[in-house]
Each structure stands twice: as C-alpha cells, then as structure tokens.
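Have a look at the structure below before the remarks.
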Amino acid sequence: MSADIRCARLAPEEIRKNFSELHAPLTELQAIQESARCLFCHDAPCTEACPTDIDIPGFIRKISSGNVTGAACTILSENIMGNTCGNVCPVEELCEQVCVKNTSEEKPVVIGQLQRYATDYLFERGIQPFSRGAESGKNIAVVGAGPAGLSCAHRLAILGHNVTVFESRDEPGGLNEYGLAAYKMLNDRAAREVAFILDVGGINIETGKTLGEDFDLAELRRDYDAVFIGLGHNAVRALGMENETVDGVYNAVDFIERIRQQDLLTLPVGRRVVVIGGGNTAIDMAVQIKKLGAESVTMVYRRGPVQMGATEYEQQVAQTNGVLIRTHAQPHRILTEDNHLSAVEFEYTQMDADGQPAGTGETFVLPADQLFKAIGQALDAAPLESDEKPELVHGRIKVDEFQHTTLPDVWAGGDCTAGKDLTVTAVQDGKIAALSIDEYLNHG
Amino acid sequence: MADLSCKIAGVSSPNPFWLASAPPTDKQYNVERAFEAGWGGVVWKTLGEDGPPIVNVSSRYGSVDFGGQRMMGLNNIELITDRPLQINLDEITAVKKAWPDRAMVVSLMVPCTEQAWKDILKKVEQTGCDGVELNFGCPHGMSERGMGAAVGQVPEYIQEVTEWCKVHTDLPVFVKLTPNITDIRRPARAAFDGGADAVSLINTINSIVSIDLDIMAPTPTVAGKGVHGGYCGPAVKPIALSMVSEIARDPHTRNLPISGIGGIGDWRDAAEYISLGCGSVQVCTAVMRYGFRIIDDLVDGLSNWMDEKGHATLEDFRGAAIPNVTDWQYLDLNYKTIAAIDQEKCIECGLCHITCEDTSHQAISASKDANGKRTYTVIDEECVGCNLCYLVCPVPKCITMNEVDNGLPYLNWTEHPNNPMK
Chain C
1 MSADIRCARL APEEIRKNFS ELHAPLTELQ AIQESARCLF CHDAPCTEAC
51 PTDIDIPGFI RKISSGNVTG AACTILSENI MGNTCGNVCP VEELCEQVCV
101 KNTSEEKPVV IGQLQRYATD YLFERGIQPF SRGAESGKNI AVVGAGPAGL
151 SCAHRLAILG HNVTVFESRD EPGGLNEYGL AAYKMLNDRA AREVAFILDV
201 GGINIETGKT LGEDFDLAEL RRDYDAVFIG LGHNAVRALG MENETVDGVY
251 NAVDFIERIR QQDLLTLPVG RRVVVIGGGN TAIDMAVQIK KLGAESVTMV
301 YRRGPVQMGA TEYEQQVAQT NGVLIRTHAQ PHRILTEDNH LSAVEFEYTQ
351 MDADGQPAGT GETFVLPADQ LFKAIGQALD AAPLESDEKP ELVHGRIKVD
401 EFQHTTLPDV WAGGDCTAGK DLTVTAVQDG KIAALSIDEY LNHG
Chain F
445 MADLSCKIAG VSSPNPFWLA SAPPTDKQYN VERAFEAGWG GVVWKTLGED
495 GPPIVNVSSR YGSVDFGGQR MMGLNNIELI TDRPLQINLD EITAVKKAWP
545 DRAMVVSLMV PCTEQAWKDI LKKVEQTGCD GVELNFGCPH GMSERGMGAA
595 VGQVPEYIQE VTEWCKVHTD LPVFVKLTPN ITDIRRPARA AFDGGADAVS
645 LINTINSIVS IDLDIMAPTP TVAGKGVHGG YCGPAVKPIA LSMVSEIARD
695 PHTRNLPISG IGGIGDWRDA AEYISLGCGS VQVCTAVMRY GFRIIDDLVD
745 GLSNWMDEKG HATLEDFRGA AIPNVTDWQY LDLNYKTIAA IDQEKCIECG
795 LCHITCEDTS HQAISASKDA NGKRTYTVID EECVGCNLCY LVCPVPKCIT
845 MNEVDNGLPY LNWTEHPNNP MK
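Protein chains in written order, with our numbering: chain C, 1 to 444; chain F, 445 to 866.
This is the structure:
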C-alpha cells in the first residue's frame, strides 16, 4: 500500500472554519463583566506570575472604568508584545493559574483574553502611545527579529538609541510570525504587532542577513556600541534513527512554518499521521494537521502526561480536536515502503529509578503516511564563531540576571539563553537586556 | 497629555483628586503613602478642640453589597480624629513641608463659639496648610453635641461660624455641607454670605445600611445596639451630583467654587463632577475599598479622556454641563423618542416586554413561533419614550432610543395649552 498524502483533504470552507480563532474576542459586555470580577488584589499573584511583570489588576481596573487605552498602555509598557501574549501565553500555568478567584469561585478571571481585548482596542484605533527619547547617538546591533530581539530593539529605541536588527528570514517576527499555531495568530496579528513596534522609529530591520554567513560577531562588536543576540533556536533535534530522512518524515517546526506562510490548500496532508513529542510544538502540529483533514492523528510521548511540556489545557485542546495522545512509548524503528514512510514502531517505556524512561522491550506499530518530529529544538552555536565568542552553558548562551553574556558589550535573550521557551519570557529578556545596555552605554 | 493641574479658592494641586476628610487622612503615615501614590491633595481628618481626645467605638462601618459586589454603599459611625491635637498639627506641618506642591486642607470642628474657632484657627495656621474646611456635616455623634450637622442644618449658624473664621484667618475657608436638609441652596447661600471661599459637598447621608435579623439591631452593631451613620460610596453619587448642580445653577452662589464629594471611584465620576462646575473632587470610599493605588486610573483615565475630547486643561470642560441642567418646566414637550429593538442582538430574555407590559405603557408585544423563537417588538404608537426597556435590556446597543422627527417646534410647559397657570 502506498502512502496516502494529499492536499486539500477537506473542502476549502471547512479548512477555513477549522482555522478560525481558538477563542472569539471578548465583546465589550463580556470585557466589562469579566473585568468587574477582578478583585484588584494587593501584591497580586497574577502580576507575580507574569514573566513581564505586567500590573494586571491595574490594567483590568482600567478596562472596567472605560479607560481601555490606558489599560493597553499599562500592558504594553511592560510587554510590547502583550497582544500576542494575550493569545498565546500559557495563562493556565502563569497568571490565571494563581488568580485568587480559582479559590473562591473555581474560575480565574480570563486575564489573557482581557489583555487581548485592551491591546486590540488600541491597535484598531491606531493609537501610538510610545515615542522615542532624545537621540543618544549610540548604535546597537540586534541579531534576530523575534520576540526577544524586537522587544530589546523597541525599548532601546524609546531610550533614544539607534537600532539595527539583522534577521535571516524574509520577514521579521520570529516565532510569532513563523512558529505559533495559525489558529492562535489570525489576521496578520504578528505583522500588525511588528509594524506597531517599528512605528516608534529608530529601528532599522535588515532581513535576509544571517549571523555567521553575511557577517560575524566580531564585525558587529567593531561597528556597534553594543550587541544583543536573539537567535532563538536555530536547530532541530533529531531522533538519530535509521530512515529518518525518507519521504513522509518532517520536522514539525518546518511544517508549522509552512502552515503559517503557505496557502493551506497546498499543504500535503497524510491520512494517518504520527507526531512524536510532548511539548507545545507537538500539540500545535498534531492539532493543525488534524484541522487540515488528517483522518487519524496520534501524538506519542515517551513519558507521562504530567511530564509533558504541553500544559494540561493544551493537551485538552488536542484531545477535543480529535488527537489521540499516547504516552509512555518511544520510537523504535521507522518502517518504509519504496523509500517512503509506511509505519512507526514504538516501544513501551517505564520510568526507571532515576525517573528516566526506559524501554520495556514490548512494541507496537502505528501505520503512518506522515511522521512529524517535535522532540525539541536547540541552539546551534556555530554562527557565534568569532575571534571571541560568548560562553555557553548547557548548550545555550550564558547570561547573568541582566541578560549580559560573558562578553562586555554583548547581551543575549530568548530561546538561545536558558529559561522557559515562551514568547513572554523572550520579551522580558529583551526588555531587561535593553535596560542593561542603556545603563552600560550611559555609565560604562 | 492633558494638563490636570487644579486651582480652587486659591489652593493649587497637581491634579484635582483629593482625599476627603476621613480615616484615610488621619495620619502622616497614610497621607504620605497617598502622596507617594500620586494624590493631588488631602483634607486632613477633622480636628477638634484641644482637650481630652475623642473616643471611638469598635465596629464602625457597614456596607451595602449589590449583586455580589461589595460596598455599593458604605456607612460609618466613626467620629472626628481621636488623636491628640498637637500630634495632628505636628504631622500636618511635617507633611506640608515635605510635599509643598500638594493641597493640604485641614478639616475642623469645634463648638459653636467664636473663641473656640479663633483658637483652633490660630493653631492650624502654624502648620503651613493651604486652607481649612469647616465640617458642618457629620450626621452622627458630634451632631448630638451641637456640632457637625447640627450646625450645617441651620443656615444662620453656618453663616455666623463662616464669618468668624473669615475674621480670624486669611486661609481659604471651605465649608463642608451636609445633605441631610431639604434644600441644599440654603446652607450654600449662608456659606457664601458668610464669606466662604468654597463649599465642599456632600458630607455623608443619614443611614441605616441593614438590620441584623438574628440580633434585631442595625449594623454596624456595637454590643447589640446600632445607630444611624453617615452613608457614602457609589450609591450616593446621584444625590451629590444633583446638589452640586443646584448650587452651581443658583444665581446667588453661581460663582462659588465647589469641591465635589460623593461616590467618586473612577475618572468618569470625577469628569461628571467637574462638568457640573467642581474645581477639585474628593474621594474616600473607593480608597477605603482598594487602597490609594486607584489614583493611577483616575489620573490616566481622565487624561486620556481629555485628550480624546481635545480638552487641554480642566477649565476647558469645567461647568460645561451646567447650562444643560434646567427646570422641568423648560423641557421640550414636543421632543419625542421611541424605542427600537435590534432583533439581531436580541437574546430573547423578555425583560423589555414584561417591564413595559406590567409597569409602563404596554408598548412591546411578545410572540413565539413554532420553533420557540421569541420575538419582542416595539409598538411605535404606544411607546412614550420612557427609556425603561432600554435600561433593563442586558445587551449593549440592542435597544436604542431614537428621536422622532415630528416637525413640531420647541414647546415647554410654561407655553403649553394644558397649563392652567399660563
């Protein structure tokens, strides 16, 4: 039997419907009622849980009083990508998880959706609350136009510095543009946000410029007063198995990028699909290939549901979309027919004494037309090669609490440094780095 | 960014938001926290004459909750400051010195003798404060001792005490009015005639917020007994706005500066008071519920709204609503609106129908088709444009009140053929 892979497995209108937004935006009435649920806590747990320190009760109170512009400014002054984060933050393990209303009413205030409501309001009215500070005459290079790089660039621009952002892809935005699930980032949301960030002025983006190819770190350090590295993940982990390169086997991140950038009707979709991994990328891949019309989608993870990188809520989203999640199994063999994937053999696992999954020897086979690998991404440090390069730790760029690397004039943040790989943490890294760079430029 | 700086009766502050004389302004500690948060000024909690300190009870506040929300209204039975006079004076001096740009007005209440007022004024003047506010308003406790509302309810006393104060101090004198009277214009005129530089209103309203049915006593309850207290918070705002408008419209007091008080919790409330002519606004209940940090939205919200409306300063809209407050007899009896229901937005709750049917003009019909779909339709000929359906409808913009162009000219009651007094 040959592989069953086709484009447009579903009618165009059905695919369009499947890719409509996960949550409809709050109406004005919903926003008013939901904001009235907020208790305006002192020393609020939600703010403490927010990686970017947004004054959450403060912005919700402003929605409640009708000062929605003010609410958006409260959000954006701490998190310039507050709009994206309102859509994609795993609020169920951040702000909303610790909302005191969980205790009193078993239901948190929907902080993420309120954040989106306020920032949408501002964007829809074309209000630009930020302006550049007095020109400092300092020039800073930012590598990577993703959340970390753009957050850093925006804060630096506000502080009066000139910023040049080098981006290897054709469009800025990083994972917001290329990596997040399409149904979470509809209507050019990422591009709108980037335009808003650039609108403040003082930021020049050079796309198609890759570190380690078109220029190196030494040149940047020579030509600029400071450098920020926001490379993100530039490499995908491999299974290290035979047949990993046959037709039908894909890196999930590459395919997700195609979903974001390509006509959905031109994407190859298998009848039977297997996704390997337990993080948000695996979930986004599994859900989206199902929405594109795959008949059966099985997500396989080698540990248990609790150990998954994907939150319980994300797992539920996958399950209600018809994805079957199988845990405690690891890939054993990739089976092929005519140099094309035909099935994946898995081995059951058990946790050993160290809490590591160990194969039991017992196996099962999942017939598959497509296999998506989502077992993690990594930093390829090769582009950093230069006369002097920043130290790495555990395969990522080593930074201190101010995102300062081991080089005096180089900072780094986002996925290429340690920490949770979330948009919101990347934004915070960029913001902190910008403040530290500003301090360095002003006071040495 | 709009300029929120404020000047009333010679007292300046960086914004119009002052804390009213009340528990939040009883101590240096609280007031400095308020100033750090960004408040424009305070009226220090009422000082009494030197001597044995005031004694307060335990159990002092009662709340009216509404629909699951706390403190729609709040009442209190606390008296004036219970701290020694000299401590208050020293702290006022220190705070004013440390925060020279903020308004520092000191509330006063002493027995009704010229000497008593003269003495306290001389002491207060030493603090460097910007003005005094005469507390003629407290409805509980002090009124039983011939002070507070006992003065505020007798215009002659108001005028006399105000005159004494104007003789014995050069500080701006604010007179704080009690709403527990029948016509607010009388005490306001008395204050004006006595030389007051401004009036502050409203003080709290006589109230019993609830009866504890288990012990059959009013709340707050002190050892099984309760007493009427002073009511404030969002529930009193409409009463205060009306009283403010009366003073602002009265030819006698038309130019008398007003510091507005009553249920101000957000920037919109403040803008409403200012539109009725208030110079500054005073806040208490909202900070007693949430803390001083609400100043952030008050300032930011008012500023954003002013920017949106093109108002550069408070003067640009101060009093702008006064010309549109009129007497009923001058309303246009030929003006006509009728309700319209947007069937796309209707969620079929039927509240518009049942309230109109039972309590108004039977102007909304109800029907149900075979599928159970309910349709409510306005009967244009029956609709008097009362707004009730529009007010009860839970969906924004589902019911609108639309003006009917009937081609008829302005006609008020004084000109109306049905007016027998015409």
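Every residue, glycine too, gets a C-beta built ideally from N, C-alpha and C.
Would you call SER415 (chain F) buried or exposed, if buried means 16 or more other Cβ atoms sit within 10 Å of its Cβ?
There is simply no residue 415 (chain F) to check, as chain F begins at 445 and stops at 866 in what is shown.
Three-state secondary structure (DSSP) of CYS722 (chain F)
strand
May I ask you to list the residues that DSSP assigns as paired with TRP462 (chain F)?
F:GLY485, F:GLN726
Let's see if you can read the secondary structure: which residues bound the alpha helix (DSSP H) around TYR774 (chain F)?
Segment: none, TYR774 (chain F) is in no alpha helix (DSSP H) and carries neither H nor E.
Which residue's Cα is closest to the Cα of PRO467 (chain F): F:LEU777, F:ASN500, F:ASP627, F:LEU533?
F:ASN500
Any beta carbon from chain C within less than 9 angstroms of ILE843 (chain F)'s own beta carbon?
no
Any contact between the stretch 87 to 100 of chain C and the stretch 136 to 148 of chain C? By contact I mean 3 or more CB pairs, one from each, below 8 angstroms.
no
Tell me, please, which residues DSSP counts as bridged to CYS450 (chain F).
F:SER457
Taking ILE205 (chain C) as the reference, give the member of C:ASN83, C:ALA238, C:ARG169, C:LEU441 with the closest Cα.
C:ARG169
Report the rounded CA-to-CA distance for ILE520 (chain F) versus TYR121 (chain C), giving the unit in angstroms.
According to the sequence shown, residue 520 (chain F) is Asn rather than Ile. Each residue's Cα considered, the two are about 40 angstroms apart.
Pop quiz: GLY232 (chain C) and GLY309 (chain C) are said to be a contact at Cβ under 8 angstroms. What is the actual Cβ separation, rounded to whole angstroms?
About 17 angstroms; that fails the 8 angstroms criterion.
Looking only at its chain, what residues have a beta carbon closer than 8 angstroms to the beta carbon of VAL929 (chain F), apart from the 5 residues adjacent to it on each side?
Beyond the ends of chain F as shown, which are 445 and 866, falls residue 929 (chain F); an answer cannot be given.
Could you tell me the distance, in whole angstroms, from the CA atom of ASP354 (chain C) to the CA atom of VAL317 (chain C)?
31 angstroms
With DSSP as the reference, identify every bridge partner of SER809 (chain F), one or two as the case may be.
F:THR821
Can you tell me whether GLY816 (chain F) is helix, strand or coil according to DSSP?
coil
Are the Cβ atoms of ALA235 (chain C) and ASP380 (chain C) separated by less than 9 angstroms?
yes
Taking ILE203 (chain C) as part of the beta strand (DSSP E), name the residues at either end of that continuous run.
203 to 207
Quick one: what's got a C-beta closer than 8 angstroms to ILE625 (chain F)'s C-beta in the same chain, skipping five residues either side?
GLY596, GLN597, PRO631
Using a Cβ cut-off of 7 angstroms, which residues of the stretch 705 to 731 of chain F contact any Cβ in chain C, in chain order?
ASP710, TRP711, ARG712
Can you grab the Cα-Cα spacing for the pair ILE536 (chain F) / THR622 (chain F), in whole Å?
25 angstroms
Per-residue DSSP class, three states only, for HIS154 (chain C):
helix
Is the stretch 687 to 705 of chain F touching the stretch 418 to 429 of chain C, taking contact as three or more C-beta pairs under 8 angstroms?
no
Let me confirm a value: LYS107 (chain C) is counted as buried when at least 16 other C-beta atoms fall within 10 Å, else exposed. Which label applies?
exposed
Look up PRO331 (chain C) in the DSSP assignment and give the residues it is bridged to.
C:PHE346
Could you name the residues of the same chain whose beta carbon sits closer than 7 angstroms to that of GLY160 (chain C), not counting the 5 residues immediately before and after it, in chain order?
ARG132, GLY133, ALA134, GLU135, SER136
How would you write the range of the alpha helix (DSSP H) that LEU220 (chain C) sits in, first residue to last?
217 to 223
Going straight from the alpha carbon of THR606 (chain F) to that of VAL550 (chain F), what length do you get?
15 angstroms
Residues of chain C with CB closer than 8 angstroms to the CB of ILE836 (chain F), please, in chain order.
The sequence shown places Val at residue 836 (chain F), rather than the Ile named in the question. Under the 8 angstroms cutoff, chain C gives no residues; its nearest Cβ is about 15 angstroms from VAL836 (chain F).
Using a 10 Å radius around the Cβ and a threshold of 16 neighbouring Cβ atoms, would you call GLN288 (chain C) buried or exposed?
buried
Option in F:GLU752, F:GLN530, F:ASP741 with minimal Cα separation from GLU569 (chain F):
F:GLN530
Using a Cβ cut-off of 9 angstroms, which residues of the stretch 766 to 798 of chain F contact any Cβ in chain C, in chain order?
none
If you draw a straight line from the alpha carbon of THR119 (chain C) to that of PHE215 (chain C), how long is it in whole angstroms?
37 angstroms
With a cut-off of 9 angstroms, does the C-beta of ILE67 (chain C) fall near any C-beta of chain F?
A quick correction: the sequence has Asn, not Ile, at residue 67 (chain C). Yes, ASN67 (chain C) lies at the interface with chain F (some Cβ there is under 9 angstroms from its Cβ).
Assess contact between the stretch 733 to 741 of chain F and the stretch 761 to 778 of chain F, defined as three or more Cβ pairs (one per stretch) separated by less than 8 angstroms. Is contact present?
no
If the cut is a Cβ gap below 7 angstroms, which residues of chain F does LEU159 (chain C) touch?
Here the premise fails: no neighbours, minimum Cβ distance about 19 angstroms.
What are the complete beta strand (DSSP E) segments, minimum 3 residues, inside the stretch 8 to 53 of chain C?
none
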